[in-house]
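Structure, as structure tokens:
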Amino acid sequence: MKLSPNARKWVRGVVDYGGLVAFLIGFFINRNGGLTSQEALVLATWWLVGGSALGLVVGLVFEKRIAPFPLIAGGAALLFGGLTLFFHDVRFVKMKPTVMNTLFGIVLLGGMVLRKNPLKLLLGDAMKMPDEGWRKLTLNYGLFFLALAALNEVVWRTQPDDIWVVFRFPGLLILSVLFSFAQVPLMMKYAKTDEPPPPHVE
32 MKLSPNARKW VRGVVDYGGL VAFLIGFFIN RNGGLTSQEA LVLATWWLVG GSALGLVVGL
92 VFEKRIAPFP LIAGGAALLF GGLTLFFHDV RFVKMKPTVM NTLFGIVLLG GMVLRKNPLK
152 LLLGDAMKMP DEGWRKLTLN YGLFFLALAA LNEVVWRTQP DDIWVVFRFP GLLILSVLFS
212 FAQVPLMMKY AKTDEPPPPH VE
């Protein structure tokens with residue numbers, strides 16, 4: 032199915048954030064309905080599972096494929112959401128960002144130890160940089176993911192559920208966007224070194 036650029040953006044938004052938006056809306060609707068935060072979290076998890084499943088279906092129908100990150104995120108939402116509903120224990124959905132960000136950090140930093148570069152494999156076609164630039168960017172993102180995992184643990188263990196839900200979305204998204212913007216100077220610095228030298232004039 033041929034989509035216009037604007038329609039493609041909407042589809043991408045549903046695939047990437049449909050589950051999280053549904054989770055946020057579901058939580059506060061149930062919270063405002065008089066439920067306790069724990070009850071609202073359990074019911075909102077149904078919204079998360081449904082929204083994530085819908086996002087994956089939309090991606091398959093309209094894009095005929097699902098990019099790796101949305102597929103991993105959607106699969107994790109279904110897994111941890113399912114565990115939350117099965118055991119009626121909201122700790123599973125709260126620990127999902129911790130587990131996923133820890134795994135991402137380990138993959139990136141572990142790849143560096145093994146002299147591999149997972150980030151370059153994922154983004155190398157879209158951005159040209161020498162290996163030194165990729166190593167620095169991979170290190171930064173690996174440490175950032177581990178920091179997000181630690182921060183999520185602090186927030187969900189010390190703050191009310193209402194605060195954690197907003198931290199989960201859009202809080203983590205905002206932190207990720209700000210961090211990505213902070214990496215732009217690094218990417219621009221090394222992208223320039225990939226340009227061919229000017230012609231020599233006698």
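According to my numbering, the sequence shown holds residues 32 to 233 in order.
Glycine included, each C-beta is placed from N, C-alpha and C at the ideal position.
Nothing here was measured: the structure is a model prediction, and the numbers come from that model.
If one requires a minimum length of 4 residues, the alpha helix (DSSP H) runs lying completely within the stretch 55–118 are 68–89 and 99–118, in chain order. Here LEU203 is not near LEU168, since their CB atoms are 8 Å or more apart. For VAL121, the three-state secondary structure derived from DSSP is coil.
Listed in chain order, the non-local C-beta contacts of GLY82 below 6 Å within the same chain comprise GLY49, GLY50 and ALA53, local neighbours out to five positions each way being set aside. Taking 8 Å as the cut-off, the Cβ atoms of GLY57 and ALA75 count as close. By the 16-neighbour rule on beta-carbons within 10 angstroms, THR67 is exposed.
Around the beta carbon of PRO149, 16 or more other beta carbons sit within 10 angstroms, so the residue counts as buried.
Collapsing the DSSP output to three states places ASN183 in a helix. Across the structure, VAL144 and VAL215 are spaced so that their CA atoms are roughly 24 Å apart. In the three-state reduction of the DSSP assignment, ASP156 falls in the coil class. Take GLU184, set aside five residues on each side of it, and the residues of its chain with a beta-carbon closer than 6 Å to its own are THR129, in chain order.
Exclusion of the five residues before and after LEU140 leaves GLY173 as the residues of its chain whose Cβ lies within less than 6 Å of its Cβ. If you draw a 10 Å sphere on the C-beta of ASN132, you find 16 or more other C-beta atoms in it, and that means buried. If you draw a straight line from the Cα of PHE100 to the Cα of LEU87, it is about 11 Å long.
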